[in-house]
Structure formats: structure tokens, C-alpha cells
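All the letters of the sequence shown, read from the start, carry residue numbers 1 to 482 under full-length UniProt numbering. Have a look at the structure below before the remarks.
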Amino acid sequence: MNTDELEWALMKAERRVLEIQAKLHRWATDDPSRRFDDLFNLVCDPAFLLIAWSRVRSNRGARSAGVDGLTATGVEVRYGLEEFLGVLRADLKTGAFRPMPVRERMIPKAGGKLRRLGIPTVRDRVVQAALKLVLEPIFEADFKPCSYGFRPNRRAQDAIAEIHHYGTSLYHWVLEADITACFDEIDHTALLGRVRDRVGDKRVLGLVKAFLKAGILSEGQMVRRTDTGTPQGGILSPLLANIALSVLDEFFAEQWQAAGSNSTARTRHRRRGGATYRLVRYADDFVVMVAGTKAHAEAIRQKVTKVLSPMGLRLSEEKTSVVHLDEGFTFLGFRIQRQQQKGSGKRYVYTWPSDKALTSVKHKVKAIAKQTTNVSLGTLLRRINQVLRGWTAYFQHGVSSRTFHYLSHYVWWLVGRWLRKKHRRASRKQLRRRYQVDRWLWADPTENVRLYLAASREVTRYRFRGERIPTPWAEQAARQLG
Numbered sequence: 001m002n003t004d005e006l007e008w009a010l011m012k013a014e015r016r017v018l019e020i021q022a023k024l025h026r027w028a029t030d031d032p033s034r035r036f037d038d039l040f041n042l043v044c045d046p047a048f049l050l051i052a053w054s055r056v057r058s059n060r061g062a063r064s065a066g067v068d069g070l071t072a073t074g075v076e077v078r079y080g081l082e083e084f085l086g087v088l089r090a091d092l093k094t095g096a097f098r099p100m101p102v103r104e105r106m107i108p109k110a111g112g113k114l115r116r117l118g119i120p121t122v123r124d125r126v127v128q129a130a131l132k133l134v135l136e137p138i139f140e141a142d143f144k145p146c147s148y149g150f151r152p153n154r155r156a157q158d159a160i161a162e163i164h165h166y167g168t169s170l171y172h173w174v175l176e177a178d179i180t181a182c183f184d185e186i187d188h189t190a191l192l193g194r195v196r197d198r199v200g201d202k203r204v205l206g207l208v209k210a211f212l213k214a215g216i217l218s219e220g221q222m223v224r225r226t227d228t229g230t231p232q233g234g235i236l237s238p239l240l241a242n243i244a245l246s247v248l249d250e251f252f253a254e255q256w257q258a259a260g261s262n263s264t265a266r267t268r269h270r271r272r273g274g275a276t277y278r279l280v281r282y283a284d285d286f287v288v289m290v291a292g293t294k295a296h297a298e299a300i301r302q303k304v305t306k307v308l309s310p311m312g313l314r315l316s317e318e319k320t321s322v323v324h325l326d327e328g329f330t331f332l333g334f335r336i337q338r339q340q341q342k343g344s345g346k347r348y349v350y351t352w353p354s355d356k357a358l359t360s361v362k363h364k365v366k367a368i369a370k371q372t373t374n375v376s377l378g379t380l381l382r383r384i385n386q387v388l389r390g391w392t393a394y395f396q397h398g399v400s401s402r403t404f405h406y407l408s409h410y411v412w413w414l415v416g417r418w419l420r421k422k423h424r425r426a427s428r429k430q431l432r433r434r435y436q437v438d439r440w441l442w443a444d445p446t447e448n449v450r451l452y453l454a455a456s457r458e459v460t461r462y463r464f465r466g467e468r469i470p471t472p473w474a475e476q477a478a479r480q481l482g
């Protein structure tokens with residue numbers, strides 16, 4: 001299959017997959033109790049497998065090999081795309097497909113700890129991606145608006161905007177929670193029970209269970225059983241984690257309804273000594289905003305523990321705490337705190353990059369500069385610019401101007417020291433003449449590359465979208481009706 005044929009096939013497959021997903025999402029939304037029985041044929045559908053391959057191939061992890069040692073490129077070279085997908089489809093249809101153990105890789109975390117990452121084979125990744133294409137539109141119909149992680153059209157900034165929105169109201173106490181080893185401890189029986197509420201196709205349920213039980217090949221080349229958890233690194237894992245953690249979303253939705261059907265009823269509830277709660281969750285990271293007292297926040301902590309227990313999950317005693325908004329807390333890299341506005345007596349909720357996030361980006365940039373001086377300035381600037389553009393884009397919706405200016409100053413001096421190390425015999429004046437434009441900005445004229453200044457990123461407010469975030473399948477349905 002040449003490039004033009006592949007592009008045309010992908011275009012047709014994308015259209016077919018999106019149309020079927022829109023139907024699945026509509027049916028699931030219209031009937032919350034409906035169980036879907038004939039889904040396995042969609043997983044095996046050539047269009048779904050082709051789109052699944054496209055997602056796997058374009059993912060950054062395509063360069064990582066599973067236990068079979070094959071990357072996505074290696075699969076293309078050894079088998080060819082048509083043969084690979086044809087054999088995979090045949091194995092699925094005949095029941096010969098069996099997931100292989102994931103390859104364990106330990107990733108360093110802050111504080112010297114390690115996070116376990118599981119890398120499936122490319123073959124398993126394609127089947128997981130096809131499963132996700134089929135299951136996600138169904139479960140998205142059930143997911144609550146309070147969760148934002150690994151969901152279409154949702155991002156971390158939406159979670160921060162919701163916290164800001166409720167923090168400016170009456171929600172001043174915060175339960176800052178952390179789930180211990182969430183992806184490693186999810187109970188398989190409880191998780192499959194929740195999947196079974198919507199999926200009646202035994203072959204699809206069997207595939208999901210097979211991936212959960214596939215095992216882990218450790219770095220010491222020992223295969224371990226996976227009796228609990230869904231290894232991080234798999235394409236299907238974030239969706240399964242969201243299905244498991246939706247018990248928390250549903251609990252707080254019930255609490256919200258119990259407090260009153262409208263704002264007047266909820267105000268009356270609070271005046272009688274009750275409290276109202278708003279959950280904001282991003283994957284396994286979440287906070288609970290409390291309009292009430294510290295005692296209410298402590299009490300809801302105990303209830304959260306009971307809600308998570310049937311899923312095999314528990315809160316970390318060390319990292320879970322109750323704080324007041326005036327004390328502030330850190331969530332998704334942002335420092336969130338209510339402070340008095342300068343020049344007035346009014347108090348507002350502010351969000352800005354946390355010290356930990358700033359230290360992290362400084363270390364990344366410094367590590368790039370430390371790698372070698374045997375590259376051109378243009379190469380160095382391109383690597384640094386990529387990091388700075390991504391980091392500032394993430395934090396541009398906070399009170400980040402001062403942090404961006406500091407980061408610009410830090411990186412400017414870092415590049416200057418790198419140049420003096422590279423050109424030890426050159427004077428500062430010579431370096432400025434050769435590598436500076438506009439009198440002071442570092443640049444490589446031969447490669448037409450300039451240092452990206454973090455301070456040049458415009459800081460804008462991110463609007464709280466609430467429940468108005470559409471799914472891609474709702475948008476597709478609207479276009480079809482139009």
C-alpha cells in the first residue's frame with residue numbers, strides 16, 4: 001500500500017469510525033441502562049484496526065518496543081501494514097489472539113521514588129486502541145463533568161478553571177487527596193463488574209480481562225502475575241482507570257442532588273448546618289471543594305475512603321490533607337491560593353506555576369545545555385525552545401507573567417554560559433557580535449533560529465466551561481442533523 005492509497009484508506013476509515021462512534025454514543029446517552037452485545041465485530045472491523053494502527057504509529061511511544069522487541073517501524077519493515085493487520089484480524093476472529101506480558105520500565109519520580117510503566121507489544125497496542133475506539137463513546141455517555149483526565153476535548157486547564165470558579169464562591173475548604181498506587185491496585189473483579197454494566201459482549205469482556213491478566217515482564221526478566229491494577233503505559237489503561245474512579249464521580253453527584261435540586265435549596269441546606277461539595281478530578285488526582293466547615297471536609301474524607309474501598313483503592317495518609325483556600329495547595333502543577341489583592345481589601349483566588357513546576361522546567365533546560373557543546377547553537381536553541389513553548393503554553397492561563405520573566409532571564413544566562421564554554425577563546429564581545437540579534441537576544445543566524453523567550457507568551461484567562469464541553473461524537477451527530 002503506497003502513501004496515497006494509505007491516506008485515502010485512512011480518510012475513509014476515519015469517517016466510518018466516527019459515524020459508528022456517534023451512533024454508539026447517542027444510543028448510550030438515550031438509554032443509560034442499555035447493554036451493548038455486538039461490539040466484538042467492531043473491534044475486528046478493518047476500519048477500526050486501521051485507525052487504531054494510525055493512533056499507535058503516530059504516538060510518541062511507537063519507538064518503544066514490547067517484550068517481542070518490535071517497534072512500530074519494525075512491524076512495517078518485517079511484515080508490511082496490510083499483512084500485519086490481516087493476520088491480527090484473523091487471530092481476533094478465530095480466538096487465537098492472546099496478549100503478551102507488558103515490558104516493565106521504572107521511571108524516576110520526584111523525591112527519588114520510581115513509577116512503574118508497562119510497555120505492551122505493538123500488536124497488543126493496536127487491539128487496545130481498537131477496544132478504546134469502541135468502548136470510549138459508550139462510557140463517555142456515563143462519565144460526569146467533574147472528571148477531566150484522559151477524556152476527549154478536556155484538559156487540565158478545565159480542572160483548574162473549575163477550582164477557581166468554585167473557590168471564588170463559598171467553597172473555601174479543600175480536601176487535597178492522593179490515591180496510593182491507583183493504577184497498580186484497582187480490583188479486577190470490581191472493574192470488570194462496572195464494564196459489564198454497559199458491555200454484554202462476552203468476547204469483548206474476555207479481551208479486557210485478558211489484558212488485565214497479561215502479566216508483567218520485569219527488568220530482571222521475571223514474569224509476574226497481575227492480579228490487580230491496570231499497568232500505566234497501555235492505551236486502554238486510562239479509560240479503565242476512569243471507569244473504576246467514576247464511582248467517586250457518581251458519589252459526589254448523588255451528594256449534590258441530595259443537597260437540593262436548585263441553588264435556593266442548596267443555600268437552605270447550608271444554612272441548616274449542612275455542606276455542599278464539588279469534586280474536581282484529573283485521572284487519579286483529585287480535590288474536593290467544600291462549602292462548609294473544616295469538620296465537613298474531614299467527614300467527607302472518611303466517606304471518600306469508604307467509596308474507594310470496593311474498588312481496591314485507598315487514600316494516602318501522608319499526602320491527603322484538608323487545607324483552607326487561604327493556605328493554598330498545589331494541583332496539576334498550579335499553585336492555587338486566595339490572597340488579598342494589592343491596593344485593595346478584596347480577596348481573590350489566584351493560580352500560578354508552582355515552585356516544583358518551575359524547578360522541573362529549569363532542570364530540563366539545564367540538562368539539555370549540559371549534554372554537550374559539540375552541537376551548533378541552533379540545535380541547542382531548537383531543543384530548549386521546544387521545552388519552553390510547551391511549558392509556557394500549559395501555564396499561560398495563570399498569573400504567570402512574573403514566572404515567565406524570571407524563566408526568560410534564567411535561560412538567557414544559561415545559553416550565555418553554554419556559549420562561553422563552547423568558545424573558550426572568544427571574548428564576550430565577540431560572542432555578542434556573532435550570536436546576538438536586536439542587541440541582546442541569542443540567535444544562530446546561519447540556521448535562522450532565535451531563543452524563545454518565555455516572557456513573550458501572552459498570559460490570558462481561561463474561561464470555565466462547566467458542563468458545556470461537547471464530545472467529538474455529539475459534534476458529529478450535530479453536523480449530521482444539520
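The beta carbon of each residue, even a glycine, is placed where N, CA and C say it ideally should be.
Alpha-carbon spacing of residue i relative to residue j, whole angstroms
i    : j    : result
P231 : D285 : 17 Å
D326 : V280 : 18 Å
G167 : G229 : 34 Å
A297 : E317 : 15 Å
F404 : R439 : 21 Å
D249 : V287 : 12 Å
G215 : V102 : 7 Å
A65  : S237 : 18 Å
R425 : P353 : 39 Å
G274 : E254 : 15 Å
K356 : G333 : 7 Å
D91  : T351 : 51 Å
L380 : V361 : 15 Å
A9   : F139 : 28 Å
E5   : L131 : 25 Å
P470 : A159 : 15 Å
V223 : A22  : 40 Å
S54  : L24  : 21 Å
V323 : T305 : 18 Å
Q157 : K12  : 33 Å
Classification of residue i by the beta-carbon crowding that lies within 10 angstroms, buried from 16 upward
i    : result
L481 : In this prediction, L481 scores a pLDDT of 47, lower than 50, which makes its location untrustworthy; no coordinate-derived value is stated.
W473 : buried
H172 : buried
D444 : buried
E7   : exposed
L114 : exposed
V77  : exposed
N374 : exposed
S456 : exposed
R335 : buried
H409 : exposed
As assigned by DSSP and simplified to three states, the class of residue i
i           : result
L18         : helix
Q221        : coil
residue 491 : The question about residue 491 has no answer here: the residues shown for the chain are numbered 1 through 482.
L388        : helix
K171        : Sequence inspection shows Tyr at residue 171; the Lys mentioned does not correspond to that position. It is coil, neither helix nor strand.
F329        : strand
R207        : It is Leu, not Arg, that sits at residue 207 in the sequence shown. Helix.
D187        : strand
T403        : helix
F143        : coil
S64         : coil
L481        : Summary for L481: the model assigns pLDDT 47, below 50, so the residue's position carries little reliability; its value from the coordinates is reported in the next sentence. Residue state, collapsed to three classes: helix.
Q128        : helix
F36         : strand
residue 536 : For residue 536 there is no data in the structure shown, the boundaries of the chain being 1 and 482.
V375        : coil
Beta bridge counterpart(s) of residue i as assigned by DSSP
i    : result
P99  : Answer is none; P99 lacks a bridge partner.
A443 : R450
V287 : E176 and V280
W352 : R335
L117 : R105
G86  : DSSP output for G86 lists no bridge partner at all.
S321 : E176
Q396 : According to DSSP, Q396 bridges with nothing at all.
Residue i and residue j closer than 7 Å at C-beta
i    : j    : result
M289 : V247 : no
R26  : G200 : no
A244 : L192 : no
T71  : R63  : yes
A28  : A210 : no
Y462 : H397 : yes
Chain D within 7 Å of residue i, Cβ atoms only
i    : result
P101 : Absence of chain D from the displayed structure is noted, only one protein chain being present.
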